[in-house]
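Residue numbers for the sequence shown follow the numbering used here, beginning at 77 and rising by one. Let me begin by presenting the structure, written as C-alpha coordinates, before commenting on it.
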Amino acid sequence: MSYAVVTPARNEAGALPSLAESLAAQSLRPVRWIVVENGSTDETTQVLQALTQQVPFLEVHEVKASGRPVRGAHIVRAFESALPTLDPLPDVVVKVDADITFPDDHFEQLMARFARDERLGIASGTCYEQIDDAWVERHVTGDHVWGAARAYRREVLPVVMPLEPRMGWDGIDQIKANIAGWRTATFKDLPFFHHRPEGARDGAVFRARVNQGRASYYMGYRPTYLLLRSAFALRRDRAALGLVWGYALEAASRRPRCPDPSVRQYVRSQQSAGHWRRRLDEARGYRRTGAAP
(Lines of atoms letter the chains of each structure in order from A and count residues from 1; the text may use other names and numbers.)
(Lines give C-alpha, C1' and ligand atoms only; values in the text may rest on other atoms or scores of the structure.)
Protein backbone atom coordinates (compact mmCIF):
# COMPACT_ATOMS: atom_id res chain seq x y z
CA MET A 1 0.00 0.00 0.00
CA SER A 2 1.15 3.55 -0.69
CA TYR A 3 1.46 6.22 1.97
CA ALA A 4 2.36 9.88 2.38
CA VAL A 5 3.70 11.62 5.48
CA VAL A 6 2.59 15.06 6.70
CA THR A 7 4.70 16.83 9.33
CA PRO A 8 3.58 20.08 10.96
CA ALA A 9 6.75 22.03 11.83
CA ARG A 10 7.13 25.06 14.04
CA ASN A 11 10.64 25.73 15.39
CA GLU A 12 11.86 22.21 14.55
CA ALA A 13 15.28 23.01 13.06
CA GLY A 14 17.02 20.63 15.44
CA ALA A 15 14.67 17.68 14.91
CA LEU A 16 13.92 17.63 11.18
CA PRO A 17 17.29 16.25 9.93
CA SER A 18 16.88 13.09 12.05
CA LEU A 19 13.33 12.53 10.81
CA ALA A 20 14.49 13.08 7.22
CA GLU A 21 17.24 10.48 7.65
CA SER A 22 14.76 8.03 9.19
CA LEU A 23 12.21 8.39 6.38
CA ALA A 24 14.88 8.13 3.67
CA ALA A 25 16.09 4.88 5.22
CA GLN A 26 12.66 3.21 5.18
CA SER A 27 12.46 -0.09 3.30
CA LEU A 28 9.13 1.22 1.98
CA ARG A 29 9.47 4.95 1.40
CA PRO A 30 6.58 7.43 1.38
CA VAL A 31 5.40 8.60 -2.02
CA ARG A 32 5.57 12.13 -0.60
CA TRP A 33 6.67 13.82 2.61
CA ILE A 34 5.01 17.19 3.09
CA VAL A 35 6.43 19.42 5.81
CA VAL A 36 4.09 22.28 6.65
CA GLU A 37 6.11 25.19 8.00
CA ASN A 38 3.92 26.88 10.56
CA GLY A 39 5.35 30.22 11.66
CA SER A 40 8.82 29.21 12.85
CA THR A 41 11.14 31.77 14.41
CA ASP A 42 14.27 29.57 14.42
CA GLU A 43 16.27 28.11 11.51
CA THR A 44 13.54 25.70 10.38
CA THR A 45 13.12 27.33 6.97
CA GLN A 46 16.85 27.15 6.18
CA VAL A 47 17.05 23.54 7.37
CA LEU A 48 14.14 22.61 5.11
CA GLN A 49 15.75 24.32 2.14
CA ALA A 50 18.84 22.16 2.62
CA LEU A 51 16.81 18.97 3.13
CA THR A 52 14.88 19.43 -0.13
CA GLN A 53 18.21 19.00 -1.94
CA GLN A 54 18.83 15.69 -0.16
CA VAL A 55 15.38 14.07 0.07
CA PRO A 56 13.67 13.77 -3.35
CA PHE A 57 10.20 13.06 -1.96
CA LEU A 58 10.19 16.07 0.42
CA GLU A 59 7.94 19.06 -0.28
CA VAL A 60 7.68 22.16 1.88
CA HIS A 61 4.42 24.05 2.28
CA GLU A 62 3.76 27.09 4.44
CA VAL A 63 0.80 28.05 6.60
CA LYS A 64 0.91 31.42 8.26
CA ALA A 65 0.29 31.46 11.99
CA SER A 66 -2.82 33.42 12.89
CA GLY A 67 -4.68 34.44 16.02
CA ARG A 68 -3.95 33.47 19.60
CA PRO A 69 -2.03 30.18 19.75
CA VAL A 70 -4.20 27.29 20.96
CA ARG A 71 -2.40 24.05 21.76
CA GLY A 72 -3.17 21.52 19.05
CA ALA A 73 -4.79 24.02 16.69
CA HIS A 74 -1.68 24.71 14.61
CA ILE A 75 -1.09 20.97 14.20
CA VAL A 76 -4.64 20.45 12.92
CA ARG A 77 -4.44 23.46 10.62
CA ALA A 78 -1.13 22.29 9.15
CA PHE A 79 -2.33 18.71 8.59
CA GLU A 80 -5.59 19.76 6.97
CA SER A 81 -3.84 22.24 4.70
CA ALA A 82 -1.66 19.47 3.27
CA LEU A 83 -4.45 17.06 2.36
CA PRO A 84 -5.73 18.90 -0.76
CA THR A 85 -2.21 18.80 -2.21
CA LEU A 86 -2.22 14.99 -2.05
CA ASP A 87 -4.12 14.47 -5.27
CA PRO A 88 -4.72 11.62 -5.71
CA LEU A 89 -4.64 10.56 -2.08
CA PRO A 90 -2.41 7.55 -1.36
CA ASP A 91 -3.84 4.54 0.46
CA VAL A 92 -2.71 5.89 3.85
CA VAL A 93 -1.81 9.38 5.14
CA VAL A 94 0.44 9.54 8.20
CA LYS A 95 0.73 12.58 10.44
CA VAL A 96 4.23 12.47 11.96
CA ASP A 97 5.68 14.93 14.45
CA ALA A 98 9.11 16.35 13.65
CA ASP A 99 10.75 14.85 16.76
CA ILE A 100 10.09 11.20 15.82
CA THR A 101 12.32 8.50 14.28
CA PHE A 102 11.51 4.95 13.19
CA PRO A 103 13.20 1.59 12.63
CA ASP A 104 13.95 1.10 8.94
CA ASP A 105 11.10 -1.36 8.33
CA HIS A 106 8.46 0.48 10.37
CA PHE A 107 6.25 1.65 7.53
CA GLU A 108 6.63 -1.52 5.48
CA GLN A 109 5.21 -3.44 8.43
CA LEU A 110 2.54 -0.85 9.22
CA MET A 111 1.27 -0.80 5.62
CA ALA A 112 1.12 -4.59 5.70
CA ARG A 113 -1.24 -4.35 8.69
CA PHE A 114 -3.53 -2.02 6.74
CA ALA A 115 -3.41 -4.37 3.76
CA ARG A 116 -4.41 -7.37 5.88
CA ASP A 117 -7.27 -5.66 7.73
CA GLU A 118 -9.63 -3.70 5.50
CA ARG A 119 -11.50 -2.33 8.55
CA LEU A 120 -8.35 -0.86 10.11
CA GLY A 121 -9.00 2.88 9.92
CA ILE A 122 -6.41 4.58 12.17
CA ALA A 123 -3.24 3.01 13.55
CA SER A 124 0.18 3.66 15.02
CA GLY A 125 3.13 1.84 16.45
CA THR A 126 3.97 2.16 20.13
CA CYS A 127 5.89 5.10 21.55
CA TYR A 128 9.25 4.91 23.31
CA GLU A 129 10.78 7.84 25.18
CA GLN A 130 14.24 8.10 26.67
CA ILE A 131 14.36 8.05 30.47
CA ASP A 132 17.73 7.92 32.26
CA ASP A 133 19.52 6.90 29.05
CA ALA A 134 17.14 4.01 28.37
CA TRP A 135 14.30 3.82 25.85
CA VAL A 136 11.11 3.07 27.79
CA GLU A 137 7.77 2.07 26.30
CA ARG A 138 4.83 4.34 27.03
CA HIS A 139 1.48 2.64 27.38
CA VAL A 140 -1.97 3.68 26.19
CA THR A 141 -5.39 2.49 27.27
CA GLY A 142 -8.46 1.47 25.31
CA ASP A 143 -8.32 1.94 21.57
CA HIS A 144 -6.15 5.06 21.70
CA VAL A 145 -3.71 5.65 18.83
CA TRP A 146 -0.63 7.81 19.28
CA GLY A 147 -1.08 11.30 17.85
CA ALA A 148 2.66 11.73 17.26
CA ALA A 149 2.76 9.13 14.46
CA ARG A 150 -0.82 8.54 13.39
CA ALA A 151 -1.79 6.75 10.16
CA TYR A 152 -5.19 7.23 8.51
CA ARG A 153 -6.62 4.97 5.85
CA ARG A 154 -7.77 7.10 2.91
CA GLU A 155 -11.40 6.05 3.29
CA VAL A 156 -11.57 7.09 6.96
CA LEU A 157 -10.54 10.70 6.36
CA PRO A 158 -14.03 11.90 5.29
CA VAL A 159 -15.42 10.33 8.46
CA VAL A 160 -13.15 12.22 10.87
CA MET A 161 -12.67 15.52 9.06
CA PRO A 162 -12.68 18.34 9.95
CA LEU A 163 -10.48 17.73 12.98
CA GLU A 164 -11.08 19.62 16.20
CA PRO A 165 -8.64 22.59 16.29
CA ARG A 166 -7.63 22.04 19.92
CA MET A 167 -5.87 19.63 22.22
CA GLY A 168 -7.81 16.37 22.21
CA TRP A 169 -8.21 16.31 18.42
CA ASP A 170 -6.38 12.97 18.36
CA GLY A 171 -8.99 11.38 20.60
CA ILE A 172 -12.11 12.82 19.03
CA ASP A 173 -11.21 11.77 15.48
CA GLN A 174 -10.59 8.25 16.64
CA ILE A 175 -13.92 8.09 18.44
CA LYS A 176 -15.68 9.23 15.28
CA ALA A 177 -13.95 6.44 13.38
CA ASN A 178 -14.93 3.85 16.00
CA ILE A 179 -18.56 4.99 16.00
CA ALA A 180 -18.61 4.62 12.21
CA GLY A 181 -17.40 1.02 12.51
CA TRP A 182 -13.68 1.45 11.80
CA ARG A 183 -11.14 -0.35 13.94
CA THR A 184 -8.25 1.56 15.51
CA ALA A 185 -5.06 -0.01 16.79
CA THR A 186 -1.77 0.60 18.54
CA PHE A 187 0.72 -2.08 17.52
CA LYS A 188 3.00 -2.90 20.42
CA ASP A 189 5.47 -4.73 18.21
CA LEU A 190 6.09 -1.67 15.98
CA PRO A 191 8.14 0.81 18.01
CA PHE A 192 8.84 4.42 17.19
CA PHE A 193 11.04 6.80 19.13
CA HIS A 194 9.92 10.14 20.54
CA HIS A 195 12.94 12.35 21.12
CA ARG A 196 11.15 15.04 23.14
CA PRO A 197 9.14 13.96 26.19
CA GLU A 198 5.44 14.65 26.04
CA GLY A 199 4.67 18.12 27.35
CA ALA A 200 8.19 19.46 26.88
CA ARG A 201 6.93 22.17 24.55
CA ASP A 202 4.55 23.39 27.24
CA GLY A 203 7.51 24.51 29.32
CA ALA A 204 6.56 22.41 32.34
CA VAL A 205 5.19 18.93 32.88
CA PHE A 206 2.51 20.22 35.25
CA ARG A 207 1.25 22.65 32.62
CA ALA A 208 1.09 19.80 30.10
CA ARG A 209 -1.01 17.77 32.53
CA VAL A 210 -3.33 20.74 33.08
CA ASN A 211 -3.84 20.95 29.32
CA GLN A 212 -4.65 17.24 29.25
CA GLY A 213 -7.20 17.78 32.02
CA ARG A 214 -8.80 20.57 30.02
CA ALA A 215 -8.99 18.33 26.96
CA SER A 216 -10.49 15.52 29.06
CA TYR A 217 -13.28 17.84 30.21
CA TYR A 218 -13.99 18.88 26.62
CA MET A 219 -14.25 15.26 25.50
CA GLY A 220 -16.68 14.41 28.29
CA TYR A 221 -14.55 12.25 30.62
CA ARG A 222 -16.25 10.83 33.69
CA PRO A 223 -14.90 12.65 36.79
CA THR A 224 -14.39 9.34 38.61
CA TYR A 225 -12.35 7.95 35.73
CA LEU A 226 -10.19 11.08 35.58
CA LEU A 227 -9.53 10.86 39.33
CA LEU A 228 -8.50 7.20 39.03
CA ARG A 229 -6.26 8.00 36.06
CA SER A 230 -4.60 10.81 37.99
CA ALA A 231 -4.13 8.63 41.08
CA PHE A 232 -2.49 5.88 39.02
CA ALA A 233 -0.11 8.33 37.31
CA LEU A 234 0.68 10.04 40.62
CA ARG A 235 2.78 7.04 41.70
CA ARG A 236 5.57 8.13 39.35
CA ASP A 237 4.60 11.66 38.35
CA ARG A 238 3.55 14.26 40.91
CA ALA A 239 2.52 16.54 38.06
CA ALA A 240 -0.40 14.17 37.41
CA LEU A 241 -2.44 16.32 39.79
CA GLY A 242 -2.55 18.76 36.89
CA LEU A 243 -5.08 16.49 35.22
CA VAL A 244 -7.57 17.12 38.02
CA TRP A 245 -6.73 20.82 38.19
CA GLY A 246 -7.24 21.37 34.46
CA TYR A 247 -10.50 19.42 34.48
CA ALA A 248 -11.75 21.36 37.53
CA LEU A 249 -10.86 24.72 35.97
CA GLU A 250 -12.92 23.93 32.89
CA ALA A 251 -15.83 22.59 34.94
CA ALA A 252 -15.86 25.61 37.29
CA SER A 253 -15.89 27.94 34.29
CA ARG A 254 -18.64 25.88 32.65
CA ARG A 255 -16.60 25.76 29.47
CA PRO A 256 -18.30 24.18 26.43
CA ARG A 257 -17.82 20.52 25.74
CA CYS A 258 -17.56 18.67 22.45
CA PRO A 259 -20.78 19.52 20.62
CA ASP A 260 -21.17 15.98 19.24
CA PRO A 261 -23.17 14.02 21.86
CA SER A 262 -22.22 10.69 20.29
CA VAL A 263 -18.55 11.42 21.02
CA ARG A 264 -19.25 12.21 24.67
CA GLN A 265 -21.45 9.14 25.06
CA TYR A 266 -18.79 6.90 23.54
CA VAL A 267 -16.11 8.29 25.87
CA ARG A 268 -18.25 7.63 28.92
CA SER A 269 -19.20 4.15 27.77
CA GLN A 270 -15.52 3.23 27.57
CA GLN A 271 -14.91 4.62 31.08
CA SER A 272 -17.66 2.79 32.92
CA ALA A 273 -16.75 0.76 36.02
CA GLY A 274 -16.95 -2.48 34.03
CA HIS A 275 -13.91 -1.38 31.99
CA TRP A 276 -11.73 -0.17 34.88
CA ARG A 277 -9.82 -3.41 35.44
CA ARG A 278 -8.93 -3.72 31.76
CA ARG A 279 -7.89 -0.07 31.56
CA LEU A 280 -5.64 -0.56 34.60
CA ASP A 281 -4.01 -3.58 32.97
CA GLU A 282 -3.45 -1.60 29.77
CA ALA A 283 -1.91 1.31 31.70
CA ARG A 284 0.55 -1.22 33.15
CA GLY A 285 1.40 -2.46 29.67
CA TYR A 286 -0.64 -5.68 29.66
CA ARG A 287 -2.22 -5.73 26.22
CA ARG A 288 -2.48 -8.21 23.39
CA THR A 289 0.42 -7.65 21.03
CA GLY A 290 -0.72 -5.96 17.87
CA ALA A 291 -3.90 -4.06 18.52
CA ALA A 292 -6.26 -2.33 20.82
CA PRO A 293 -9.30 -4.39 21.86
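Where a beta carbon is used, it is the ideal one built from N, C-alpha and C, also for glycine.
Only counting the same chain, and skipping five residues up and downstream in sequence, which positions put a Cβ closer than 7 Å to that of residue i?
i      : result
Pro179 : Pro267
Thr260 : Gly197, Ile198, Ala199, Asp219, Val221, Gln250, Ala253, Asn254, Ala368
Tyr301 : Gln347
Met187 : Met77, Tyr79, Leu104, Val168
Val392 : Outside the shown range of the chain (77 to 369) lies residue 392, about which nothing can therefore be said.
Ala22  : Beyond the ends of the chain as shown, which are 77 and 369, falls residue 22; an answer cannot be given.
Using the C-alpha atoms, what's the distance from residue j back to residue i?
i      : j      : result
Glu138 : Arg311 : 42 Å
Arg340 : Leu104 : 38 Å
Gly90  : Thr120 : 8 Å
Pro375 : Ala256 : Only positions 77 to 369 of the chain appear in this structure, which leaves residue 375 out of reach.
Gly148 : Val131 : 28 Å
Met243 : Val281 : 15 Å
Val216 : Gly247 : 12 Å
Ala100 : Ala191 : 22 Å
Gln129 : Ser116 : 20 Å
Tyr323 : Leu239 : 22 Å
Leu317 : Trp109 : 38 Å
Asp193 : Pro164 : 22 Å
Asp336 : Tyr342 : 10 Å
Leu303 : Val136 : 43 Å
Thr202 : Arg331 : 33 Å
Ala315 : Ala291 : 16 Å
Pro84  : Leu159 : 12 Å
Ala154 : Pro299 : 32 Å
Phe263 : Ala227 : 12 Å
Phe183 : Gln125 : 25 Å
Quick check on the burial criterion: 16 or more other C-beta atoms within 10 angstroms. Buried or exposed for residue i?
i      : result
Gln206 : exposed
Lys171 : buried
Ala307 : exposed
Ser338 : exposed
Gln288 : buried
Val286 : buried
Ala225 : buried
Asp209 : exposed
What does DSSP give as the partner residues of residue i in its beta bridges?
i      : result
Lys264 : DSSP, once it has assigned bridges, lists no residue as partnering Lys264.
His270 : Ile176, Glu205
Val169 : Ala80, Tyr228
Apart from the five residues just before and just after residue i, which ones in its own chain have a Cβ nearer than 6 Å to its Cβ?
i      : result
Tyr294 : Gly244, Arg333, Cys334
Ala96  : Leu127, Val131
Thr177 : Ser94, Ser98, Phe269
By Cβ distance, which residues of its chain are closer than 8 Å to residue i, with the 5 residues on each side in sequence left out?
i      : result
Val107 : Ser78, Tyr79, Ala80, Phe133, Pro166
Report the residue ranges of all alpha helix (DSSP H) runs contained in full by the region 175–259; include only those spanning at least 4 residues, in chain order.
Listed in chain order, they are 182–192, 233–236, 245–255.
Could you name each continuous alpha helix (DSSP H) segment of 4 residues or more that falls completely within the region 77–164, going from the start of the chain to the end?
The alpha helix (DSSP H) runs lying completely inside the region 77–164 and spanning 4 residues or more are 92–100, 120–128, 149–158, given in chain order.
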